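Going by UniProt numbering, the letters in the sequence shown line up with residues 1 to 190, in that order.
No residue lacks a Cβ here, since even glycine has one placed at the ideal position from N, Cα and C.
Please read these numbers as outputs of a predicted model, since none were measured by experiment.
All remarks here apply to the structure that follows.
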Amino acid sequence: MAHRKQSDELPLDQQSEKQVAMNIDPILASGGSPLKFEDKFRHFARSTLLQRECSSFVPKTLKDNGATDSESSRTCYCGRSELWHQNKNVNIAADPRAGWIPETHTKVKPTAAYGRIEFTGFGNQTESSCYGRVDHCTSPETLWTLLSDVWNLPTPKLVLSVTGGAKHFNMKPRLANAFKQGLIDVASST
């Protein structure tokens with residue numbers, strides 16, 4: 001197996017597209033036989049994908065989560081409990097009133113959440129799908145490489161991105177139905 005020297009390796013978030021491509025299958029890149037799918041996926045995830053994890057416990061306020069005073073002080077803005085943070089030796093924010101900022105109160109590290117997940121419940125059918133936890137700053141090129149070259153998914157005819165907080169988004173039922181129908185029409189015409 002071809003290995004680069006440790007000193008030549010860049011941090012994962014600074015790798016070029018060529019380096020990301022090399023991470024897909026280093027054995028094949030060096031002229032050997034291709035890796036099996038699971039090995040290829042594991043190697044790509046460990047060498048390329050990053051995830052973000054909370055690094056500073058900032059308790060949610062009562063108005064943020066509607067909990068009682070004792071409950072709110074035990075939940076961080078990241079959604080995890082104070083106990084989780086203690087078990088991970090995560091710092092408590094110096095000034096919790098300052099709020100929780102993902103770039104300040106989280107750290108990036110290689111992803112540990114990837115693999116296959118099985119969906120059951122539709123009769124006897126069981127579907128197995130790949131998943132991977134990625135940082136919100138992951139480049140579109142890296143995600144495309146994961147989807148097309150690692151997972152071998154066909155090129156989609158339509159890519160749709162919907163952003164925003166659903167709990168703060170109210171739409172009248174008639175407008176919601178028109179929106180859904182519009183999405184269906186666009187998707188079926190491509």
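Shown here for F119: same chain residues with a beta carbon closer than 6 Å to its own, the five before and five after excluded, namely E127 in chain order. DSSP, read as helix, strand or coil, puts L183 in helix. Here G79 is exposed. Its C-beta has fewer than 16 other C-beta atoms within 10 Å.
The C-beta separation of T111 from V134 comes to about 7 Å, placing the pair in contact by the 8 Å criterion. Each residue's CA atom was taken as its position, placing Q86 and A45 some 27 Å apart. By the Cβ rule, the segment 39 to 53 counts as touching the segment 93 to 110, because three or more pairs are nearer than 8 Å. Separation of N170 and N177 (C-alpha to C-alpha, rounded to the nearest whole angstrom) is 13 Å. With respect to C54, H136 sits apart: the two C-beta atoms are not nearer than 8 Å.
Distance from the Cα of P156 is smallest, within the candidate group R116, G115, A187, for A187.
Here L183 is exposed, its C-beta having fewer than 16 other C-beta atoms within 10 Å. According to DSSP, residue pairing for K107 in a beta bridge involves E53. In the DSSP assignment, the residues bridged to N91 are S56.
F57 sits buried, since 16 or more C-beta atoms from the chains shown fall within 10 Å of its C-beta. The beta carbon of P154 is closer than 8 Å to none in its chain, skipping five residues each way along the sequence. The residue from R174, Y77, L158, E82 with its alpha-carbon nearest to that of E103 is Y77. The DSSP-derived three-state label of S188 is helix.
With 16 or more other Cβ atoms inside 10 Å of its own Cβ, G132 counts as buried. DSSP places R46 in the helix class (H, G or I) of the three-state scheme.
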